[in-house]
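> Number 478 in our numbering belongs to position 347 of the sequence shown; there are no gaps in the numbering. For every residue, glycine included, the Cβ atom is placed at its ideal position computed from N, Cα and C.
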Amino acid sequence: MRCHRHSGPKCQFVPPHILDHIAKVTGVDTREPHPATLSATASKQFRDRRARSMIDLATLTTPRPGKSDRVIHDAQNQWDLTSAQQIRGESDPAVGTPKNANTAYDHVGAVRTFYAEVLGRDSIDHRGMDINVYVNFGVEFDNAFWDEKNIVLGNGDGTIFTDFSKSPDVLGHELTHGVVQYTAKLEYQGQSGALNEHFADVFGSLMEQHMRKEDAGTANWLIGDEVMAEDQYGEALRSMAHPGTAFDNPIMGKDPQPAHMSGYFPGPEDNQGVHINSGIPNRAFYLVAMEIGTTQAGLIWYAGLQNLWATAKFADAATVLSAQARILARENKVARNAAQTVRSAFRDVGIH
Ligand SMILES: [Zn+2]
């Protein structure tokens, strides 16, 4: 998979149409350095950095090869990772500051546990690679992304979004972009890109359900609800159950996701709608999970991910997923009629 079509990170949690809308309404584009926030945060950064320098680097655990160890870095509010500092390694005690390093450590640990216990996967590459997470990227940066090696998290501007480490599904979503990179390698544009986003949402949501001991019937199926600031309470970025209903407000605009092929977004924006058309397979997954349970649906989708290919389209996903459902049913790992359930869910969203 390539998230970069041109330059700079593109595999981002908050999609471009939302950021465009926010920039238009507020006049501030938090995707890049901007003078208002630079001066306001300069002194705070200095204080924070002084506090951080108290961390004794000599006591930090370096990652052991092949053990899927976590490494948390502080990007120190810079717009690149060159001056970042490792602040917590695997099994190191919680740090005093910045506290979001501990939240990221815990959440990425929950993602790793979900992949290991539920899907039998050993880290991102299934060979125990280290999991590197950078907190405090940029200034009031309203996003999180996977840069093909690392998970990078912004602090949010505090009005629309809060710190991205707060949300388990952000970590689950971004780490899954890494898993896709090592499995189906789905190209990040058009339908294959929407499938890439879809799988990231599926396993982001599943790890959160696993962590909270929820199932299809009790989960909220929202993506990104925990990173909304207080002013936006009740909004989220996507709804897997009801695509198109996650947000509707003057700052963010209205959720453009279709729940059916009849609403398919054909435009060039967002790499041809990767965060938009993902609503269609998301809804299909939700329907399957409601029928046979989240865990079984997750097993089918994980098997599907390992059998899809870089240019796969929605119809390919429907075929591969129902074929994998049949194999898993024969092995008594999922419900006997799971293949039909998958077919029927895709038909319900207009994919034949
Ligand atoms: Zn994504």
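#1: Could you name the residues of the same chain whose beta carbon sits closer than 7 Å to that of Leu-150, not counting the 5 residues immediately before and after it, in chain order?
#2: Where do the N-terminal and C-terminal ends of the beta strand (DSSP E) with Asn-402 fall, by residue?
#3: Whether or not the stretch 325-333 and the stretch 303-311 are in contact is what I'm after, with contact meaning three or more pairs of Cβ atoms, one per stretch, closer than 8 Å; do they touch?
#4: Could you name the residues of the same chain whose beta carbon sits closer than 6 Å to that of Asn-233, not counting the 5 residues immediately before and after it, in chain order?
#5: Taking 8 Å as the cut-off, does the CB of Ala-315 come closer than this to any heavy atom belonging to ligand 1?
#6: His-152 lies in the alpha helix (DSSP H); which residues open and close that run?
#7: Using a Cβ-Cβ cutoff of less than 6 Å, which residues in the same chain neighbour Thr-293 once the five nearest sequence positions on both sides are dropped?
#8: Would you list the one or two residues that DSSP bridges to Met-359?
#9: Are Asn-402 and Tyr-319 closer than 9 Å when you measure CB to CB?
#10: Does any C-beta atom of chain D lie closer than 9 Å to the C-beta of Asn-208?
#11: Closer than 8 Å: is that where the CB of Asn-413 sits relative to any heavy atom of ligand 3?
#12: Measuring from the CB of Gln-388, is there a heavy atom of ligand 1 at a distance below 8 Å?
#13: Determine the DSSP secondary structure at Ala-315, reduced to helix, strand or coil.
#14: Strictly by DSSP, which residues pair up with Ala-385?
#15: May I have the straight-line CA-CA distance separating Asn-408 from Arg-414, to the nearest angstrom?
#16: Can you tell which of Val-156, Cys-142, Trp-440 has the C-alpha that lies nearest to the C-alpha of Pro-381?
#17: Could you check whether Pro-196 and Val-202 sit closer than 9 Å to each other, using their CB atoms as the reference points?
#18: Comparing alpha-carbon positions, which option in Phe-396, Gly-259, Gly-481 lies nearest Thr-449?
#19: What did DSSP end up calling Trp-432 once you bin it into helix, strand or coil?
#20: Express the C-alpha separation of Ala-441 and Val-242 in angstroms, rounding to a whole number.
#21: Under the three-state reduction of DSSP, which class applies to His-373: helix, strand or coil?
#22: Residue ranges of each alpha helix (DSSP H) run of no fewer than 4 residues wholly in the stretch 261-289, ordered along the chain?
#23: Tell me which same chain residues have a C-beta within less than 6 Å of the C-beta of Tyr-433, skipping the five on either side of it?
#24: Looking at Asn-402 and ligand 1, is the gap between the Cβ and the nearest heavy atom below 8 Å?
#25: Could you pull the start and end residues of the beta strand (DSSP E) that Gly-410 belongs to?
#26: Please find out if some non-hydrogen atom of ligand 1 comes closer than 8 Å to the beta-carbon of His-406.
#27: Going by the CB atoms, is the gap between Gly-435 and Val-419 shorter than 9 Å?
#28: With distances taken from CA atoms, which of Ser-222, Thr-307, Gln-455 is nearest Ala-469?
#29: Roughly how many angstroms lie between the CA atoms of Ser-453 and Tyr-417, to the nearest whole one?
#30: Cβ of Val-473 within 9 Å of Cβ of Ile-411?
#31: Tell whether a beta-carbon distance below 9 Å holds between Ala-377 and Gly-355.
#32: May I ask you to check if the CB of Asn-327 is nearer than 8 Å to at least one heavy atom of ligand 1?
#33: For the beta strand (DSSP E) holding Val-202, just list the boundary residues, first then last.
This is what the structure holds:
#1: Taking the sequence shown and counting its residues from 1, one reaches residue 150 at position 19. So the qualifying residues of the chain are Arg-162, Asp-273.
#2: Mapped onto the sequence shown, residue 402 falls at position 271. Per DSSP, Asn-402 lies in no beta strand (DSSP E) segment; the continuous alpha helix (DSSP H) that holds it begins and ends at 400-404.
#3: Per the Cβ contact rule, the stretch 303-311 is in contact with the stretch 325-333 (3 or more Cβ pairs under 8 Å).
#4: Taking the first residue of the sequence shown as position 1, residue 233 is located at position 102. Within the same chain, Asn-233 has close Cβ partners Ala-225.
#5: Sequence index remark: in the sequence shown, residue 315 carries index 184 (1-based). No.
#6: Here residue 152 is taken as the residue at index 21 of the sequence shown, counted from 1. From DSSP, the alpha helix (DSSP H) with His-152 extends over 147-157.
#7: Your numbering for residue 293 matches position 162 in the sequence shown. By the criterion of a C-beta distance shorter than 6 Å, Thr-293 is surrounded in its chain by Gly-287, Val-358, Ala-360, once the five residues flanking it on both sides are discounted.
#8: Translated into the one-based positions of the sequence shown, residue 359 becomes position 228. Bridge partners of Met-359: Phe-292.
#9: Here residue 402 refers to the residue found at position 271 when the sequence shown is read from its first residue. Here residue 319 refers to the residue found at position 188 when the sequence shown is read from its first residue. Going by beta carbons, Asn-402 and Tyr-319 fall inside the 9 Å limit.
#10: Looking at the structure shown, chain D is missing, and only one protein chain is on hand.
#11: Absent from the structure shown: ligand 3. Ligands present: ligand 1.
#12: The sequence position of residue 388 within the sequence shown is 257, counting from 1. False, no ligand heavy atom lies under 8 Å from that Cβ.
#13: The residue you call residue 315 lines up with position 184 of the sequence shown. Coil, per DSSP.
#14: Numbered from 1 along the sequence shown, position 254 holds the residue referred to as residue 385. Looking at the sequence provided, one finds Lys at residue 385 rather than Ala. For Lys-385, DSSP records a beta bridge to Asp-379.
#15: Reading the sequence shown from its first residue, position 277 is the one you call residue 408. Reading the sequence shown from its first residue, position 283 is the one you call residue 414. One C-alpha to the other measures close to 10 Å.
#16: What you label residue 381 is simply residue 250 of the sequence shown in a count that begins at 1. Here the closest residue by C-alpha is Val-156.
#17: What you label residue 202 is simply residue 71 of the sequence shown in a count that begins at 1. What you label residue 196 is simply residue 65 of the sequence shown in a count that begins at 1. No, they are not a contact pair.
#18: As a working note, residue 449 is residue 318 in the sequence shown. Looking at the sequence provided, one finds Ala at residue 449 rather than Thr. Checking every option, the nearest Cα to that of Ala-449 belongs to Gly-481.
#19: Indexing the sequence shown from 1 puts residue 432 at position 301. Under the three-state reduction of DSSP, Trp-432 is assigned to helix.
#20: The residue labelled residue 242 in the question sits at position 111 within the sequence shown. The residue labelled residue 441 in the question sits at position 310 within the sequence shown. A direct Cα-Cα distance of roughly 24 Å separates Val-242 from Ala-441.
#21: The sequence position of residue 373 within the sequence shown is 242, counting from 1. DSSP places His-373 in coil when its eight states are reduced to three.
#22: Assignment of alpha helix (DSSP H) within the stretch 261-289, counting only whole runs of 4 or more residues, yields no such run.
#23: Taking the sequence shown and counting its residues from 1, one reaches residue 433 at position 302. Within the same chain, Leu-250 come within 6 Å of Tyr-433 by CB-CB distance, once the 5 residues on both sides are set aside.
#24: The sequence position of residue 402 within the sequence shown is 271, counting from 1. No - ligand 1 has no heavy atom lying nearer than 8 Å to the Cβ of Asn-402.
#25: Taking the first residue of the sequence shown as position 1, residue 410 is located at position 279. No beta strand (DSSP E) holds Gly-410; the alpha helix (DSSP H) holding it covers 410-423.
#26: Taking the first residue of the sequence shown as 1, we reach residue 406 at position 275. His-406 Cβ: within cutoff of ligand 1.
#27: As a first step, residue 419 is located in the sequence shown; it is residue number 288 there, counting from the start. As a first step, residue 435 is located in the sequence shown; it is residue number 304 there, counting from the start. Not a contact, by the Cβ cut-off of 9 Å.
#28: In the sequence shown, residue 469 corresponds to position 338, counting from 1. For the options Ser-222, Thr-307, Gln-455, the alpha carbon positioned closest to that of Ala-469 is the one of Gln-455.
#29: By one-based count along the sequence shown, residue 453 stands at place 322. By one-based count along the sequence shown, residue 417 stands at place 286. In this model, Ser-453 and Tyr-417 are separated by some 15 Å (Cα to Cα).
#30: Counted from its first residue, the sequence shown places residue 473 at position 342. Counted from its first residue, the sequence shown places residue 411 at position 280. No, Cβ-Cβ distance for Val-473 and Ile-411 is not below 9 Å.
#31: In the sequence shown, residue 377 corresponds to position 246, counting from 1. In the sequence shown, residue 355 corresponds to position 224, counting from 1. Yes, Cβ-Cβ distance for Ala-377 and Gly-355 is below 9 Å.
#32: Counted from its first residue, the sequence shown places residue 327 at position 196. Yes.
#33: As a first step, residue 202 must be located in the sequence shown, where it is residue number 71. Element bounds for Val-202: 201-205.
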